[in-house]
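Residue 20 in the UniProt record's numbering sits at position 20 of the sequence shown; the count goes up by one each step and never skips.
I have placed the structure first, in the form of structure tokens, so that the comments after it can refer back to it.
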Amino acid sequence: KRVTRRRRVNLDSLGESLKRLTSPMTQTVQEALQRTLQFYRQQEI
């Protein structure tokens with residue numbers, strides 16, 4: 001369970017860091033990253 005929690009925190013921190021870097025990114029890339037994060041989160045649940 002600890003490993004899953006760490007993975008979830010890592011994904012959340014990754015999402016936050018990606019949101020910070022959204023300025024130069026295109027919306028298409030942002031949507032793709034968000035879909036990927038949601039996909040991993042659904043697998044964890």
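Backbone N, C-alpha and C define an ideal beta-carbon position, used for all residues, glycine too.
- Pairing Y40 with L18 gives a Cβ-Cβ distance that is not under 8 Å.
- Judged by DSSP secondary structure, T28 falls within the alpha helix (DSSP H) whose first and last residues are 27-44.
- Separation of Q42 and Q30 (C-alpha to C-alpha, rounded to the nearest whole angstrom) is 18 Å.
- Separation of L37 and T26 (C-alpha to C-alpha, rounded to the nearest whole angstrom) is 17 Å.
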